[in-house]
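Accompanying notes for the structure given below.
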Amino acid sequence: MNNYGNSAVFIIPHYGENYNQTKNDLRRTMQSIYRQTDSNWKAVIVDDNSPSEAVKRYLKSIADDNPEKVKVIFKEKNEGAGFARNTGIKWAYDQGYPFILFNDADDLSHEKRLETVRNIFMSDPNAGVVYSSFLVIDEYDNFVPRKELTPSIVEILEGHEINPVQGYNSWIQIGTRKGYTNCTSGTAVKTEIAYANLFPKVRVSEDSHTWMRYSATGTKFVYSPEIPFLYRIPNQRDGSASREREGGKHEFYVKKAEVDEDGFREAMEMALERDFIEKKYTDNLMMEFYLKLAETLAKEKEYSLAIEQVRKAMNLSRSKTQYVLSKQPAS
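Mapping to full-length UniProt numbering: the sequence shown position 267 is 267, numbers consecutive.
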């Protein structure tokens, strides 16, 4: 599965309760894929057991209109976007597609995304993940000014502007310096890597958990700034749909903190097993992880959760934690 000139596959997880919303969002998403300058692709829409029969009929019509390009897989159980992506990954692996481009059902890919990603994979045999930045749009395709974005979204964008995560052992930089780095709709990965490191069965931050594990297996990350995708955040949402599903902002960040810690720990264990890091550095890495997570949570005014992370860092090394905190600029 190493002929990167072969057809690639866009994997699109989907869940829709409202026919009109599904039609409007997915139509624009598919248009962005049909506009690719590299036409050697297949799109797989994985429906996560949407409750609307009208929505399912619409999805089927998309595939029926162009069966050579579009396939729809209907799951019988709702398990979240991560497991829907896993279904697509397994299908792509079985079919022999060399690499995957993730694309959420309401985001828009840059027209040169596939062309650029393919060129990187073909020119750099060590590259395993290619990711890009994004611009934020609302439900009407209007661009959203940065001043109106949540602090966590701004943090991601700022992380792309100065020393973006690249190279090997990117999980360390993600966990201890940058925080959440590559959004799903801007991420492409070689299929064998995705198949060996499937998304966890969680509904919050499952992508960041997965990216860290990709990296910890020895995967090289490449940042490609010239193909930003359009990240849709409707005005009525406080950040993302994930927050709504978890019951609100605070509940979302409680779960995110748990999942991110689990992902970082798993990545660290994977790196240890492969001798990419030494055991003596693990406590310091965990301390730095907790402090970075605390910083992110504090920006979102989740102060109790932020303090909890600082306490965890203190338990590992009070003196080092105090030293790191003393070097941080006052907010």
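No residue lacks a Cβ here, since even glycine has one placed at the ideal position from N, Cα and C.
Check: Do Phe289 and Gly175 have their C-beta atoms closer together than 7 Å?
Finding: Yes, Cβ-Cβ distance for Phe289 and Gly175 is below 7 Å.
- Determine which residues share a DSSP beta bridge with Arg35 and list them. Arg35 is not bridged to any residue.
Q: With a threshold of 16 other CB atoms inside 10 Å of the CB of Asp47, please say whether the residue is buried or exposed.
A: Classification for Asp47: buried.
message = Contact between the stretch 110 to 118 and the stretch 50 to 57 is defined here as three or more beta-carbon pairs at a separation below 8 Å; is this criterion met?
response = As far as the Cβ criterion goes, the stretch 110 to 118 does not touch the stretch 50 to 57, which means the pair count is below three.
Task: Residues sharing a beta bridge with Asp47, DSSP - done: Looking at the DSSP output, Asp47 bridges to His14, Phe74.
### Query
Within 10 angstroms of its Cβ, does Met268 collect 16 or more other Cβ (buried), or is it exposed?
Buried, by the Cβ-count rule.
>> Taking the beta carbon of Pro67 as the centre, do at least 16 other beta carbons fall within 10 Å, making it buried, or is it exposed?
In response: Exposed, since its Cβ has fewer than 16 Cβ neighbours within 10 Å.
Could you check if Asn3 is buried or exposed, using at least 16 other CB atoms within 10 Å of its CB as the buried criterion?
With fewer than 16 other Cβ atoms within 10 Å, it is exposed.
request  = From the DSSP output, in three-state form, read off Lys112 for me.
outcome  = Lys112 carries a coil assignment under DSSP once its states are collapsed to helix, strand and coil.
If you drop the 5 nearest sequence neighbours on each side, which residues of the same chain put their C-beta closer than 8 Å to that of Lys201?
Same-chain partners within the cutoff: Glu79, Gly80, Gly82, Phe83.
Round the Cβ separation of Ile137 and Val144 to the nearest angstrom and send it over; I've been treating them as touching at under 8 Å.
Contact flag correct, Cβ pair sits at about 6 Å.
| query | Can you tell me the Cα-Cα spacing of Ser111 and Pro234, whole angstroms? | reply | For clarity, residue 111 is Glu in the given sequence; the question names Ser instead. Here the alpha carbons of Pro234 and Glu111 stand approximately 22 Å from one another.
Using the three-state DSSP reduction, which class does Ala105 fall into: helix, strand or coil? DSSP, read as helix, strand or coil, puts Ala105 in coil.
3 or more residues per run - each beta strand (DSSP E) lying fully within the UniProt repeat "TPR" (287 to 320):
Counting only runs of 3 or more, we get nothing.
Reduced DSSP secondary structure (H/G/I, E/B, other) of Val136 | Strand at Val136.
Verify whether the separation of the beta carbon atoms of Asn103 and Phe10 is less than 7 Å. Cβ distance < 7 Å, so Asn103 and Phe10 count as in contact.
- Which value, in whole angstroms, describes the spacing of the CA atoms of Ala63 and Trp41? Taking the straight line joining both Cα atoms gives about 14 Å.
My output table needs one value for Ile277: the three-state DSSP class, helix, strand or coil. In this structure, DSSP gives Ile277 a state outside helix and strand, which the three-state scheme calls coil.
| query | Measuring CA to CA, which of Tyr93, Lys301, Leu293 is closest to Arg311? | reply | Nearest in C-alpha terms to Arg311, of all of Tyr93, Lys301, Leu293, is Leu293.
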